[in-house]
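Q:
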Amino acid sequence: MTLGIVILTGAGISAESGLSTFRGAEGMWEGHRVAEVATPEGFAANPPVVQRFYNGLRRRLADVEPSVAHSALARLEHELGPHNVHLVTQNVDDLHQRAGSTAITAMHGELRQIRHTATGEVRSWTQDVPETDTTWRPNVVWFGERTIGLAEITEKLSSAGMFVAIGTSGTVYPANQFAAIAKAAGAITVEINIEPTDAPFDRRIVGSAVQCVPPFVERLVQCYRRVRRH
Ligand code: BJW
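For the numbering used here, count along the sequence shown from 1 and bump the result up by 27.
1) Report the CB separation of Thr161 from Gly197 in whole angstroms; it is logged as a contact under 8 Å.
2) Can you tell me which of the three DSSP states Ala233 falls into?
3) Check whether the Cβ atoms of Trp163 and Ile141 lie closer than 7 Å to each other.
4) Ignore the nearest five residues each way along the sequence and tell me which others in Gln78's own chain have a CB closer than 6 Å to its CB.
5) What's the C-alpha gap between Ala62 and Tyr81?
6) Out of curiosity, what's the CA-to-CA distance linking Thr116 and Leu103?
7) Candidates Gly45, Asp121, Tyr200 and Asn111: which alpha carbon is nearest Val248's?
8) One question on the structure: do His113 and Lys183 come within less than 7 Å of each other, judged by their Cβ atoms?
9) State the DSSP-derived secondary structure class of Glu106, mapped to helix, strand or coil.
10) Cα separation between Ile22 and Val76?
11) If contacts are defined as beta-carbon pairs under 8 Å, then Asp121 and Arg150 qualify, I think. What distance do you get, rounded to the angstrom?
12) Below 6 Å CB to CB, which residues in the same chain sit around Ala133 once its five sequence neighbours on both sides are set aside?
13) Sorted by chain position, which residues of the same chain lie with C-beta nearer than 8 Å to Leu177's C-beta, five sequence neighbours on each side aside?
14) Using the C-alpha atoms, what's the distance from Val168 back to Ala226?
15) Please report the residue range of the alpha helix (DSSP H) in which Leu184 lies.
16) In chain order, which continuous runs of the alpha helix (DSSP H) of length 4 or greater are located wholly inside the region 78 to 142?
17) Name, in chain order, the residues that DSSP records as bridge partners for Val217.
18) Write down the C-beta distance between Val191 and Val217 rounded to the nearest angstrom, noting that I regard them as a contact closer than 8 Å.
19) Is it buried or exposed, Asn118, if we count other Cβ atoms within 10 angstroms and call 16 or more buried?
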């Protein structure tokens, strides 16, 4: 039996672990303009600002832990099987991986990786990148760059029975199209967010990820067990 649940997560799922979301006050990002630190043009114009910014974010990862929301999604994959549950995250942190999820597409890249600007070689980050370095860049997707795994994601959305968006503002393309793609393919669409967005989801669960994701997962697991028994 294949259920096809696709889950999209955004910065909100990591907020209660202590990582800030993106669209805070006046579009500032940890005190930087977005164009300064999250575009190829920003990197070309001022590599030290960008390298310093990402070195700082990476170091911060060591101080945070996955929350019960991340763990609940890992449990969902474990209970239903990786062929039934696919997690697409816009987050560049590694909290889903550390919580135990394995069927993941990190569509905006991974903070703990660096990429060679000429060859595209990807390496694990082991130490701070020198601030003046332009040979290695963070392996994250900046504005105007192609997201990772879009064809595979679209395929999964097109056969999904359920799509769940957790803690994302739905302001960034292409992730903000996923609910519509899944819905057009016949999926039930669900949003879990502390502040509901304008997008036309079938169901909305309003509250924090830590409050809402574990009971939501519990209901799905119970439902799955009931269906399997019959
Ligand atoms: C909680 C909570 C709690 C809080 N519990 N909930 C015009 C000009 C130029 C470009 C464009 C344009 N129009 C459209 C574009 C395309 C552009 C785009 O979308 N721009 C818009 C902003 C206008 N998109 C792109 O450029 C993408 N690429 C692309 O389109 O490629 C096309 C292409 C094709 C072929 C060849 C080449 C190109 C790429 C987008 C990359 C985004 N990258 C970033 C940075 C990653 C690196 C880094 O981390 O530094 O990814 S931007 C940033 O936004 C980050 C996030 O993943 C992403 C989404 O943010 P998210 O997760 O939704 O966070 P927030 O903060 O917005 O929302 C948090 C939510 O959580 C809120 O709803 C809260 O309520 C909620 N919440 N606490 C539950 N406890």
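By construction, the Cβ of each residue, glycine as well, lies at the ideal position given by its N, Cα and C atoms.
Bear in mind the structure is a predicted one, so any value in this text is a computation, not a measurement.
A: The short version:
1) Residue mapping note: residue 161 aligns to position 134 of the sequence shown, counting from 1. Residue mapping note: residue 197 aligns to position 170 of the sequence shown, counting from 1. The pair is not a contact, with the Cβ atoms about 33 Å apart (cut-off 8 Å).
2) Your numbering for residue 233 matches position 206 in the sequence shown. Note on residue identity: the sequence assigns Val, not Ala, to residue 233. Val233 falls in the strand class under three-state DSSP.
3) Position 136 of the sequence shown holds residue 163. Position 114 of the sequence shown holds residue 141. Cβ atoms of Trp163 and Ile141: closer than 7 Å.
4) Mapped onto the sequence shown, residue 78 falls at position 51. Correct list, in chain order: Val156 and Glu158.
5) Position 35 of the sequence shown, counted from the first residue, corresponds to residue 62. Position 54 of the sequence shown, counted from the first residue, corresponds to residue 81. Each residue's alpha carbon lies about 14 Å from the other.
6) Residue numbering aside, residue 116 sits at position 89 when the sequence shown is read from its first letter. Residue numbering aside, residue 103 sits at position 76 when the sequence shown is read from its first letter. About 15 Å.
7) Walking along the sequence shown from the start, residue 248 turns up at place 221. Checked all of Gly45, Asp121, Tyr200 and Asn111; the closest Cα to Val248 is Asn111.
8) Taking the first residue of the sequence shown as position 1, residue 113 is located at position 86. Taking the first residue of the sequence shown as position 1, residue 183 is located at position 156. Yes, they are a contact pair.
9) The residue given as residue 106 occupies position 79 in the sequence shown. In the structure shown, Glu106 sits in a helix (DSSP, three-state: H, G or I).
10) It is not possible to answer for residue 22, since the shown part of the chain is limited to 28 through 257.
11) The count along the sequence shown starts at 1 and reaches residue 121 at position 94. The count along the sequence shown starts at 1 and reaches residue 150 at position 123. Not confirmed; about 15 Å, so no contact.
12) For the purposes of this step, residue 133 is taken as residue 106 along the sequence shown, with counting starting at 1. Same-chain partners within the cutoff: Thr116.
13) For the purposes of this step, residue 177 is identified with residue 150 of the sequence shown, where counting begins at 1. Around Leu177: Met134 and Pro201.
14) Position 199 of the sequence shown, counting from 1, holds the residue named residue 226. Position 141 of the sequence shown, counting from 1, holds the residue named residue 168. Cα-Cα distance, rounded: 24 Å.
15) For this step, residue 184 is matched to residue 157 along the sequence shown. Leu184 -> alpha helix (DSSP H) spans Leu177 to Ser185.
16) 95 to 107 and 122 to 126
17) Position 190 of the sequence shown holds residue 217. BP columns for Val217 point to Val191 and Arg230.
18) One-based indexing of the sequence shown puts residue 191 at position 164. One-based indexing of the sequence shown puts residue 217 at position 190. With 8 Å as the limit, Val191 and Val217 qualify as a contact, their Cβ atoms being about 5 Å apart.
19) What you label residue 118 is simply residue 91 of the sequence shown in a count that begins at 1. By the neighbour-count rule (16 or more Cβ atoms within 10 Å), Asn118 is buried.
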